[in-house]
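Heads up, the thing below is written out as structure tokens.
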Amino acid sequence: AAQIELLQHLVSVAHEHNLGVPLELKIKFNIVASLYDYNPNLAAYMKVRKGLKIGEKLGKILGKKLGNLGKKFGENRGKFG
Numbered sequence: 001a002a003q004i005e006l007l008q009h010l011v012s013v014a015h016e017h018n019l020g021v022p023l024e025l026k027i028k029f030n031i032v033a034s035l036y037d038y039n040p041n042l043a044a045y046m047k048v049r050k051g052l053k054i055g056e057k058l059g060k061i062l063g064k065k066l067g068n069l070g071k072k073f074g075e076n077r078g079k080f081g
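In case it helps, the UniProt record's numbering puts the sequence shown at residues 1 to 81.
Printed below as a string of structure tokens:
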């Protein structure tokens, strides 16, 4: 449970400091993975609250991913990037 809370905090820090969508997505993916690590039987005996939390995280991940589909590789690169 502490790992999940830490990862949730890391998402807010990454967002607050504009570290980029890829990093936020990676952290959110790890939150979902941690929820399943926390309870291996999660899929079979998932409580409604946990299921909603997982659905919410997956929705955010997909929303960010779908929002970036139109970007091209290197589109946001700076002068030397």
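Don't be surprised by glycine CBs; every beta carbon is placed ideally from N, CA and C.
Judged by DSSP in its simplified three-state form, Ala2 adopts helix. DSSP places Leu19 in no alpha helix (DSSP H); its state is neither H nor E. In its chain, beyond the 5 residues on either side, Gln3, Ile4, Leu7 have a beta carbon closer than 7 Å to the beta carbon of Ser34. The alpha-carbon separation between Gly20 and Ala14 amounts to approximately 7 Å. C-alpha of Leu25 to C-alpha of Leu58: approximately 10 Å in a straight line. For the pair Tyr38 and Glu16, the Cα-to-Cα distance works out to about 27 Å.
Judged by DSSP in its simplified three-state form, Asn30 adopts helix.
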